[in-house]
Amino acid sequence: MIDVVRAGRLDLVMDLGRPGFRAQGVPEGGAADATALALANRLVGNAEGAAGIELLLRGPRLRFPEGGTIALTGADMLARCNGESVARGHAWAIPAGGELELGTADKGLRAWLAVAGGIETPPVMGSRSTFLPGGLGGWQGRALRAGDRLPLGLAAHCRAGVLGFDESDDALRILPGPQLPGFADAALKRLSDCAFRVSADANRLGLRLSGATLDYAGGELASQAVLPGAIQVPPDGNPIILGWDGPVTGGYPVIAGIIAADLHRLAQLRPGDALRFAFVTRDEAQAAWRRLQASLDGAIAWTD
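Laid out in structure tokens, this is it:
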């Protein structure tokens, strides 16, 4: 069991999502950085898809009445267990009755906490992920609060290992979207040459950007299917990157889409952060995905 002594800014039970329900209006959702959660799970001996907790900016204070083994990935929230510093990227044994306290991330935005055995809240539509807009999954379909008690599964053997961190600030790589021909050359140049900033209302639904505006001249559109990472352009010209819990259809033109290998980087963008885009070819996008998957196999240096 895990007892929530103090909730953080936004603590959500998350696994790798619930694919297959977009036709019913439910996005796949899941951890904003699936690779970070999967690697945290590997460190504590879980299956990669086991449910953990996604933490936003400021983490919670958690008590482990029976003890447990945890691992943290993502942003460094300066974790401490019973007063002792807990580093990211390796398994950490918490004694019975021990408390894990997380502070505020000094860089980045989200962290992921995996616990040996996984968090075993009731699955909804095949997933334990929290979908806040629909009140589905997670713990009672909402963010965690003080007083909540989370059940854990049976812990497996945990190997000793250390995870390396490779944080990139390169341009986000993009592919042309279906409505790209409706944008003038000047808009395409601004998209690839100008810096944008994440606005204050960024969340799991999407990241609204400010900076250069992108004018669309292609006329009115019917609603179309959209995916996380799609870059929509509303009438004001300020692009929106659709997030993990974003809509499954949309009526704004999609100028481009972030490649799959870079989607996880969106999870660490804070309001006010600057970002740039760079067009790549489909072959380059596929090669980047293969490199990312290959890098995961060697991401943890096992020491036993």
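Residues in the sequence shown are numbered from 191 upward in steps of one, following the working numbering.
The beta-carbon is built from N, C-alpha and C at its ideal position, and this holds for glycine as well.
All figures in this text were calculated on a predicted structure; none of them were measured in a lab.
Runs of beta strand (DSSP E) wholly within the segment 335-369 (minimum 3 residues, chain order): Counting whole runs of 3 or more residues, the segment 335-369 contains the beta strand (DSSP E) stretches 351-353, 362-366.
Element boundaries [beta strand (DSSP E), containing T263]: Per DSSP, T263 belongs to the beta strand (DSSP E) from 258-264.
Cβ-Cβ separation, L465 to G365 (assumed contact under 8 angstroms), whole Å: It is Leu, not Gly, that sits at residue 365 in the sequence shown. Actually they are not in contact, since the Cβ atoms of L365 and L465 sit about 16 angstroms apart, beyond 8 angstroms.
Uninterrupted beta strand (DSSP E) stretches inside the segment 192-260 (no shorter than 3 residues): Fully enclosed beta strand (DSSP E) runs of 3 or longer: 192-196, 201-204, 242-246, 251-254.
Nearest neighbour of C384, chosen from L399, L206, W492 [CA to CA]: Nearest to C384 by alpha-carbon distance, out of L399, L206, W492, is L399.
Inside the segment 256-318 only - beta strand (DSSP E) runs reaching at least 3 residues: Listed in chain order, the complete beta strand (DSSP E) runs (minimum 3 residues) inside the segment 256-318 are 258-264, 282-284, 288-291, 300-305.
Rounded separation between A228 and S275 - CA only: Looking at the backbone, the Cα of A228 and that of S275 are separated by about 23 angstroms.
Complete beta strand (DSSP E) runs within the segment 362-424 (minimum length 3 residues, chain order): Segments of the beta strand (DSSP E) lying fully in the segment 362-424: 362-366, 386-388, 396-400, 420-422.
Distance, L397 Cα to W440 Cα: Trp is not the amino acid found at residue 440; the sequence shown has Gly there. If I take the Cα positions, the gap works out to 15 angstroms.
G239 versus E310, A457, L290, residue with shortest Cα-Cα distance: For G239, the nearest C-alpha among the options comes from E310.
For A464: DSSP bridge partner residues: Beta-bridge pairing links A464 to R387.
P437, buried or exposed, once every other Cβ within 10 Å from all chains shown has been counted against 16: It counts as buried.
Backbone secondary structure at G447 - three-state DSSP: Under the three-state reduction of DSSP output, G447 falls in the strand class.
Backbone CA spacing between G264 and Q369 [nearest angstrom]: Each residue's Cα considered, the two are about 34 angstroms apart.
Nearest-angstrom Cα separation, counted from D426 out to V195: The straight-line gap separating the alpha-carbon atoms of V195 and D426 is approximately 44 angstroms.
Segment limits, beta strand (DSSP E) that includes A491: It spans 490-492 - the beta strand (DSSP E) in which A491 sits, taken as one unbroken run.
DSSP bridge partner residues for L432 (one or two, in chain order): DSSP, once it has assigned bridges, lists G396 as partnering L432.
Range of the contiguous alpha helix (DSSP H) that encloses D487: Note, D487: alpha helix (DSSP H), 472-487.
Coil, strand or helix - L326 by DSSP: Residue state, collapsed to three classes: strand.
Of the residues R278, S382, Q414, the one placed nearest R212, counting alpha carbons only: Minimum Cα distance to R212 is reached at Q414.
Pair within 7 angstroms by beta-carbon distance, D205 and R278: Between D205 and R278, the C-beta spacing is not below 7 angstroms.
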